[in-house]
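Q:
Residue numbers (our numbering): 105 to 646.
The following block contains the structure:
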């Protein structure tokens with residue numbers, strides 16, 4: 105009977121296995137344009153022996169196949185994860201939510217008491233008005249006519265005095281009721297703010313997933329449990345404030361990021377990293393399948409086409425045998441930047457509430473010099489636009505995002521900012537220049553044909569373009585227009601411009617031409633642009 109204690113004496117560090125419940129929270133997150141990798145780090149202490157470290161506070165929607173676990177200080181064994189049949193968590197509510205709820209209840213009670221006071225004062229007024237009504241009827245009762253003069257005088261005096269007192273009481277009650285109602289205005293506003301503050305705290309979802317990690321320790325020890333997993337309910341997007349100073353030509357780009365998450369739990373004081381990696385998009389190159397071609401007799405083709413029509417009419421279109429047995433062709437999406445990824449590590453901890461906050465953080469400012477020009481497109485616009493041409497010599501990639509544009513401290517508008525790689529050139533628009541007027545007139549109009557003189561196989565057009573500077577200052581102007589082009593020998597196109605354009609086939613676009621010139625204040629510039637097309641008889645121009 106004494107053998108068990110003797111045996112245990114040889115194993116002084118032996119302890120029976122036990123479950124150790126841990127409480128966790130998000131400590132770090134790497135956000136992608138869609139999705140995130142989330143990390144939870146939980147310190148723990150265990151006695152010697154084998155144990156189960158149990159977390160019951162993972163979000164319910166956690167993709168359990170993405171969960172990865174590591175431990176420090178102990179030896180890790182098996183791992184169990186589940187979304188269903190999770191043991192209940194502690195019922196403790198968030199302390200901030202409790203405080204906010206108590207404040208709402210306190211103000212609601214004050215408002216109820218205030219409304220009760222208003223009602224009591226209103227009742228006083230109603231009673232006074234009832235007295236007035238009674239007194240007004242008192243002199244009309246039977247027997248009044250039988251009273252002698254002295255008694256009648258006393259009755260009239262009493263009715264007058266009591267009526268006056270009652271009316272004054274009713275007036276006083278109305279004034280006090282109005283004052284009490286005005287006093288409740290501040291309480292109603294305070295209640296609305298308290299309710300908004302409570303809603304902003306976003307109570308966390310109750311449903312959670314569970315994680316159980318088997319560990320063993322030779323001695324009592326402290327350790328760290330790290331849990332990482334991937335989610336889709338989070339995202340970030342770049343935002344910018346772009347400011348141009350015309351006098352100096354200096355361009356400032358204030359970079360930021362909008363962050364949101366909807367995991368069902370609030371992130372508090374999280375180490376945040378932003379990445380341009382897109383795990384939610386295509387991660388492998390497309391495949392090319394064998395492309396079989398063959399020739400057939402036209403009669404065979406017509407026969408197969410007829411068979412298809414007949415099968416479809418009989419409701420068997422789904423069973424039509426395809427001519428090629430190879431898998432279907434897959435369209436490949438061209439990657440703009442193969443293998444490119446940018447990472448931003450935010451220096452301060454960030455808090456983001458679930459399904460509520462859209463937090464903006466700063467990513468730093470960049471600056472460069474810009475070349476300012478007035479770009480004129482008279483084919484589509486009646487005014488020139490101020491353009492700032494830049495070269496991205498700022499040492500960092502500018503990601504696509506929404507940008508607010510400012511010039512000389514004045515808000516210009518909201519635009520989408522395109523991707524600008526390091527070393528690339530870009531043109532940014534800062535709105536119309538109202539004083540640079542554009543007109544494009546088709547000359548020699550003929551019976552409503554707007555200057556287009558046509559024959560069965562010939563077409564010609566003459567255009568006059570005018571730029572007027574009414575701004576009171578000189579502007580460098582870049583004007584764009586076009587003439588048609590052809591890739592067929594039978595369609596001959598000729599054109600003439602006066603003056604000749606500074607550049608042809610702008611940005612590799614055939615037929616697009618540019619004129620660059622300085623336009624003084626009060627001056628104007630004319631450009632003549634003619635073109636002609638000829639093609640064989642019997643052909644149709646498209």
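Beta carbons: idealized from backbone N, C-alpha and C, even for Gly.
1. Is there a C-beta anywhere in chain C that falls below 8 Å from the one on residue 477?
2. Identify which residue in 214, 451 and 301 has its Cα closest to the Cα of residue 288.
3. Using the beta-carbon count (16 or more within 10 Å), is residue 277 buried or exposed?
4. Whole angstroms is fine: what's the gap from residue 544's alpha carbon to residue 347's?
5. Using three-state DSSP, classify residue 224 as helix, strand or coil.
6. What do you reckon, are the CB atoms on residue 458 and residue 370 nearer than 8 Å?
7. Got a sec, what are the start and stop residues for the beta strand (DSSP E) residue 638 sits in?
8. State the DSSP-derived secondary structure class of residue 497, mapped to helix, strand or coil.
9. Hey, residue 232 and residue 273 are a contact pair by Cβ (cut 8 Å); roughly how many whole angstroms apart?
10. Taking only three categories from DSSP, how would you classify residue 522?
11. Under the rule that 16 or more other beta-carbon atoms within 10 Å means buried, what is residue 427, buried or exposed?
12. So, is residue 565 buried or exposed, given that buried needs 16 or more other C-beta atoms within 10 angstroms?
13. Is the distance from the Cβ of residue 540 to the Cβ of residue 573 below 8 Å?
14. Give the DSSP bridge partners of residue 469, in chain order.
15. For residue 370, write down the residues that DSSP places opposite it in a beta bridge.
16. Less than 8 Å separating the beta-carbons of residue 182 and residue 318?
17. Among the candidates 156, 451 and 598, whose CA atom is the shortest distance from the CA of residue 615?
18. Go ahead and label residue 185 buried or exposed: buried means 16 or more other beta carbons lie within 10 angstroms of its beta carbon, across all protein chains shown.
19. Give me the residue from 327, 161, 367 and 586 with the minimum Cα distance to residue 316.
20. Going by DSSP, what residue range makes up the beta strand (DSSP E) through residue 339?
21. Indicate whether the contact test is met: 3 or more Cβ pairs, each with one atom in the region 520-530 and one in the region 376-394, closer than 8 Å.
22. Are the region 597-613 and the region 483-503 touching by the rule of at least three beta carbon pairs closer than 8 Å?
23. Taking residue 529 as the reference, give the member of 474, 536 and 517 with the closest Cα.
24. Given residue 463, which residues of its chain have a CB within under 6 Å of its CB, disregarding the five upstream and five downstream residues?
25. Please report the straight-line C-alpha distance between residue 638 and residue 645, rounded to a whole angstrom.
26. Let me know if residue 674 comes out buried or exposed under the rule of 16 or more other beta-carbons within 10 Å of its beta-carbon.
27. Taking residue 547 as the reference, give the member of 137, 632, 576 and 518 with the closest Cα.
28. Work out the CA separation of residue 562 and residue 634 for me, nearest whole Å.
29. Within the continuous beta strand (DSSP E) that includes residue 455, where are the two ends?
30. With 16 other CB atoms within 10 Å as the buried threshold, where does residue 643 fall?
31. Just verifying my parser: in three-state terms, what is the DSSP assignment at residue 573?
32. Output yes or no for whether 8 Å exceeds the beta carbon distance between residue 75 and residue 145.
33. Can you tell me where the beta strand (DSSP E) with residue 483 in it begins and where it stops?
34. So what's residue 578 in DSSP terms, helix, strand or just coil?
35. For residue 325, which residues of its own chain have a beta-carbon under 6 Å away from its beta-carbon, when the five flanking residues on both sides are left out?
A: Judging by the given coordinates:
1. Note that chain C does not occur in the displayed structure, where there is just one protein chain.
2. Start at 1 with the first residue of the chain shown, and residue 288 comes out as number 184. Selected option, being the one with the closest Cα: 214.
3. Sequence index remark: in the chain shown, residue 277 carries index 173 (1-based). By the 10 Å Cβ count, residue 277 comes out buried.
4. For the purposes of this step, residue 544 is taken as the residue at position 440 of the chain shown. For the purposes of this step, residue 347 is taken as the residue at position 243 of the chain shown. Roughly 32 Å between the two C-alpha positions.
5. Working through the chain shown from its first residue, we reach residue 224 at position 120. Helix, per DSSP.
6. Reading the chain shown from its first residue, position 354 is the one you call residue 458. Reading the chain shown from its first residue, position 266 is the one you call residue 370. Yes.
7. The residue labelled residue 638 in the question sits at position 534 within the chain shown. Counting along the chain, the beta strand (DSSP E) containing residue 638 begins and ends at 628-638.
8. Reading the chain shown from its first residue, position 393 is the one you call residue 497. Looking at residue 497 - three-state DSSP - the assignment turns out to be coil, as it is neither helix nor strand.
9. Here residue 232 refers to the residue found at position 128 when the chain shown is read from its first residue. Here residue 273 refers to the residue found at position 169 when the chain shown is read from its first residue. Their Cβ separation, rounded to whole angstroms, is 4 Å, which keeps residue 232 and residue 273 in contact under 8 Å.
10. For the purposes of this step, residue 522 is identified with residue 418 of the chain shown, where counting begins at 1. Three-state DSSP puts residue 522 in coil, outside helix and strand.
11. If you number the chain shown from 1, residue 427 lands on position 323. With a pLDDT of 34 at residue 427, under the threshold of 50, the modelled position of that residue is not reliable, and the figure given next carries that caveat. Classification for residue 427: exposed.
12. For the purposes of this step, residue 565 is identified with residue 461 of the chain shown, where counting begins at 1. Per the 10 Å Cβ criterion, buried.
13. Here residue 540 corresponds to residue number 436 of the chain shown, with the count starting at 1. Here residue 573 corresponds to residue number 469 of the chain shown, with the count starting at 1. Going by C-beta atoms, residue 540 is nearer than 8 Å to residue 573.
14. For the purposes of this step, residue 469 is taken as residue 365 along the chain shown, with counting starting at 1. Partner(s): 358.
15. The count along the chain shown starts at 1 and reaches residue 370 at position 266. None, per the DSSP bridge assignment.
16. Residue mapping note: residue 182 aligns to position 78 of the chain shown, counting from 1. Residue mapping note: residue 318 aligns to position 214 of the chain shown, counting from 1. Yes, they are a contact pair.
17. In the chain shown, counting from the first residue as 1, residue 615 sits at position 511. Ranking the options by Cα distance to residue 615, first place goes to 598.
18. By one-based count along the chain shown, residue 185 stands at place 81. It is buried - the Cβ of residue 185 has at least 16 other Cβ atoms within 10 Å.
19. As a first step, residue 316 is located in the chain shown; it is residue number 212 there, counting from the start. Among 327, 161, 367 and 586, the Cα nearest to that of residue 316 belongs to 161.
20. For the purposes of this step, residue 339 is taken as residue 235 along the chain shown, with counting starting at 1. Start and end: 338-349.
21. no
22. no
23. Within the chain shown, residue 529 is the residue found at index 425, counting from 1. With distances taken between Cα atoms, residue 529 lies closest to 474.
24. On the chain shown, position 359 is the one that residue 463 refers to. Closer than 6 Å at Cβ, skipping near neighbours: 363 and 456.
25. In the chain shown, residue 638 corresponds to position 534, counting from 1. In the chain shown, residue 645 corresponds to position 541, counting from 1. Near 9 Å, if we compare the C-alpha coordinates of residue 645 and residue 638.
26. One cannot answer for residue 674 here, as it falls past the ends of the chain, which runs 105 to 646.
27. On the chain shown, residue 547 is found 443 positions in, with the first residue counted as 1. When each option's Cα is compared against that of residue 547, the closest is 632.
28. Start at 1 with the first residue of the chain shown, and residue 634 comes out as number 530. Start at 1 with the first residue of the chain shown, and residue 562 comes out as number 458. Their Cα atoms are separated by approximately 14 Å.
29. By one-based count along the chain shown, residue 455 stands at place 351. Counting along the chain, the beta strand (DSSP E) containing residue 455 begins and ends at 454-456.
30. Locating residue 643 in the chain shown gives position 539, counting from the first residue. Burial call: exposed.
31. Position 469 of the chain shown holds residue 573. In this structure, residue 573 counts as strand in the three-state DSSP scheme.
32. With the chain running from 105 to 646 in the structure shown, residue 75 is simply not present.
33. The residue given as residue 483 occupies position 379 in the chain shown. Counting along the chain, residue 483 falls outside any beta strand (DSSP E), and DSSP gives it neither H nor E.
34. Here residue 578 refers to the residue found at position 474 of the chain shown. In this structure, residue 578 counts as coil in the three-state DSSP scheme.
35. Counted from its first residue, the chain shown places residue 325 at position 221. Here the set comprises 177.
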